[in-house]
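*Asks:* Residue numbers (our numbering): 48 to 812.
Just so it is clear, CB atoms sit at the ideal spot from N, CA and C, and this is done for glycine as well.
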Ligand code: K7E
Ligand code: CUA
């Protein structure tokens, strides 16, 4: 497209710049130059303006995307599409120390099955906790499709706190989704299998293999799932798939669709047609409707059976009590999405061009009137499909998932085969717009799109294939998340974001302002259990305690030293480094790594974490801070000395090469005085301003005050040494005094710059 001057003016206006003033990115380039050089159109410039976030800028929404085979959750901002964090959930991740510190190893161990360590997960569907159907930003849940598990992440620190293993399933898929007040988290089985752990031949598939839906009870106060209060509703051996909870009029019900209701088992190696043929013979499958509120009451009333120690309501009981129904749906369905008002459920069949809108009101009418079309082989009443439908609409080839807009009746459905998003009106059954995506979209996500109050604005298309979208990086391509503007009548593609670690399935996005993450822990905190750490330490109270062959190091980390700096043990000992980060300042994380022992901690301000080391070999093993935390970060080091059994202790250090004199000490004192003058002038400036009106500055001042307290402590030490004419130690402690001053000055200057940039005012004192 050739650019006219008029277009340029329009583009420049969008960017809020004036051409008359010379649209210059730097002294030479005008916007026009850059567009020409990079081959950008006016539309590109508009898209850029809608996503570009200048330095220091924040995003309006925060997305939590499933990390697929990486076993993690990917956190990114919308509209900038900047990745902010990978939350490790089912998989060890050394940067966060996850699976490397003893506290998180316990979390991962909760997910072990059959005495097997399982260190990967296939994360599909994250869900944010809700209050009255609205996202409250407190917790995040997700499932692991490969191993039937659900994880709980606390969003106050974005850490995984709990993993629960499903006691009766062998796989899952339809989780995690939450009830409008997060009383329960749903997990539906996928591939039928015996609910017990026995071997059962496939010839008994119809009789002994089962599906099911588990309702995990969540305790909001504790922030944990309570397995003893959770239960499963047994289901026929159909492959249960995605689920959703009702809301508003449909609150109390859950909906889970299924495929392969043919109950076909493959055997291609024996000449039988494969699963894919046998599982798509019929024109329809079923979605299961469960009255979960009543089911919970029945379980409480003792109507469940125990399987593997877990409450299971049998199909017979569920049918007898009228809490389980089947509704036909187009074959091989995938998405199951309840409308924000809870009146409709939209299902799309992968092998059908239609999206089907079911009416909850009609369905309840049929149930009340006992107007059933028949029963399945397990005695479950089947409703009439036509009588249950509000409408059906052809939306494209291979429709999968549907998300709701903030505008009434407007939805977006992902069209896998056609590689499109279809925007349509589900009240009237009208297609409104179609947009090509790249390529083969799976899930899609609108802002707070599965809450009772979707926020509209943006849609993210989560595409299975990237093919030619990015620079080639070998045969394994990244995934492609595409950001789409849905604020107007026509959808507009804004941005492609490669996801290079795992295949995201579903994602959820929440208004950023709803999230209230902390910036530090209370000092000495066990973050995985959210209690005071048994082995926390305080400055000056660091110690090494031996208990048989177990050695407990109560250590601390602060800019820029590790205490203790030398730890001596014997070969065969087990050493527990319990490290507490004493910092209070934002983002002052220290790492702690012991060489050659597979140990790395991420110790955020206030946290205590434990690295366990089995000293199998005698030798010398440096340990160090593995986060570049300060100017003297590299000096944040120590030695683990592992002596052969019976060797005499000697951690005295080499003979001192430098001998300091009184003159050296005096020289240090002069430097200290000069530095103190700088600090005083900075402090003078800060306190002359209305600095208490600026939260970040208050935090910086707190941190600087801490550093100055440490400086005062070092000062006492060098003065005491000087009194004894120990010029060696006097000079070294004076240097330490200076180190603290430098840190305080550095923080003070950051505060001063902040005040100057944010227009502080002079106040009278
Ligand atoms: Cu990939 Cu929801 Cu597991 Cu669809 S699922 S695409
Ligand atoms: Cu602490 Cu680097």
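Take residue 197 as the anchor and find which of 249, 494, 145, 274 has the nearest alpha-carbon.
*Replies:* 274
*Asks:* Looking at residue 220 and the ligand K7E, is the gap between the Cβ and the nearest heavy atom below 8 Å?
*Replies:* Residue 220: yes, Cβ under 8 Å from the ligand K7E.
*Asks:* Give the single residue among 507, 505, 529, 506 whose Cα lies nearest to the Cα of residue 516.
*Replies:* 529
*Asks:* So, under 8 Å CB-CB, residue 492 and residue 578 are touching, yes? Tell me the CB distance rounded to an integer number of Å.
*Replies:* Contact doesn't hold; Cβ gap of about 35 Å is too wide.
*Asks:* Can you tell me whether residue 489 sits near the ligand K7E, meaning its C-beta is under 8 Å from at least one heavy atom of the ligand?
*Replies:* yes
*Asks:* Look up residue 85 in the DSSP assignment and say whether it is helix, strand or coil.
*Replies:* Assigned with DSSP and collapsed to three states, residue 85 falls in helix.
*Asks:* Whole-angstrom Cβ separation of residue 313 and residue 325, contact assumed at under 8 Å?
*Replies:* 7 Å
*Asks:* Compute every distance between the C-beta of residue 607 and the non-hydrogen atoms of the ligand CUA, then say whether any falls below 8 Å.
*Replies:* yes
*Asks:* What does the Cβ neighbour count give for residue 574, buried or exposed, with the cut at 16 atoms within 10 Å?
*Replies:* Within a 10 Å sphere around the beta-carbon of residue 574 sit 16 or more other beta-carbons, which makes this residue buried.
*Asks:* Does the region 465-476 touch the region 417-428, meaning 3 or more C-beta pairs lie closer than 8 Å?
*Replies:* no
*Asks:* Inspect the CB distances between the region 436-452 and the region 465-472 and report whether three or more fall short of 8 Å.
*Replies:* yes
*Asks:* With DSSP run on the structure shown, which of helix, strand or coil describes residue 729?
*Replies:* helix
*Asks:* Could you check which residue in 388, 105, 238 has the C-alpha nearest to that of residue 181?
*Replies:* 388
*Asks:* Using the rule of at least 16 other Cβ atoms within 10 Å of the residue's Cβ for burial, across every protein chain shown, is residue 527 buried or exposed?
*Replies:* buried
*Asks:* Helix, strand or coil: how does DSSP classify residue 499 here?
*Replies:* If DSSP states are grouped into helix, strand and coil, residue 499 belongs with coil.
*Asks:* Determine the closest residue to residue 152 out of 219, 230, 656, with distance taken between C-alpha atoms.
*Replies:* 656
*Asks:* List the endpoints of the continuous beta strand (DSSP E) containing residue 626.
*Replies:* 621-628
*Asks:* In whole angstroms, what separates the C-alpha of residue 658 from that of residue 616?
*Replies:* 15 Å
*Asks:* Suppose contacts are defined by Cβ-Cβ distances below 9 Å. Is residue 583 in contact with residue 625 by that definition?
*Replies:* Against a cut-off of 9 Å, the Cβ pair of residue 625 and residue 583 comes out as a contact.
*Asks:* Of the residues 741, 173, 598, which one's Cα is nearest the Cα of residue 120?
*Replies:* 173
*Asks:* Could you please give me the residues that DSSP links to residue 480 through a beta bridge?
*Replies:* Paired residues: 470.
*Asks:* Whose C-beta lies closer than 6 Å to the C-beta of residue 490 among residues of the same chain, with five residues either side of it excluded?
*Replies:* The answer, listed in chain order, is 448, 509, 552, 553.
*Asks:* Based on the DSSP output, what are the partners of residue 698 in its beta bridges?
*Replies:* Per DSSP, residue 698 has no beta bridge partner at all.
*Asks:* So does residue 673 have its beta carbon nearer than 8 Å to some heavy atom of the ligand CUA?
*Replies:* Indeed, a heavy atom of the ligand CUA lies less than 8 Å from the Cβ.
*Asks:* Give the straight-line distance between the Cα atoms of residue 101 and residue 415, rounded to the nearest whole angstrom.
*Replies:* 58 Å
*Asks:* Where does residue 796 sit, in a helix, a strand or coil, going by DSSP?
*Replies:* Residue 796 falls in the helix class under three-state DSSP.
*Asks:* Taking only heavy atoms of the ligand CUA into account, decide whether any of them is closer than 8 Å to the Cβ of residue 676.
*Replies:* yes
*Asks:* Report all residues from its chain with a CB closer than 7 Å to the CB of residue 487; omit the five preceding and five following residues, and keep chain order.
*Replies:* Hits under 7 Å: 463, 466, 510, 511, 512.
*Asks:* For residue 273, does the three-state DSSP call read helix, strand or coil?
*Replies:* In the structure shown, residue 273 sits in coil (DSSP, three-state: anything other than H, G, I, E or B).
*Asks:* Can you tell me the Cα-Cα spacing of residue 178 and residue 339, whole angstroms?
*Replies:* 18 Å
*Asks:* Is residue 552 close to the ligand K7E? I mean its beta-carbon at under 8 Å from any heavy atom of the ligand.
*Replies:* yes
*Asks:* If you reduce the DSSP assignment to three classes, tell me which class residue 803 lands in.
*Replies:* Per DSSP, reduced to three states, the secondary structure at residue 803 is helical.
*Asks:* May I ask you to check if the CB of residue 381 is nearer than 8 Å to at least one heavy atom of the ligand K7E?
*Replies:* yes
*Asks:* Would you kindly work out how many angstroms separate the C-alpha atoms of residue 355 and residue 216, rounded to a whole number?
*Replies:* Distance between residue 355 and residue 216, taken at the CA atoms: about 11 Å.
*Asks:* Can you tell which of 183, 791, 258, 581 has the C-alpha that lies nearest to the C-alpha of residue 359?
*Replies:* 258
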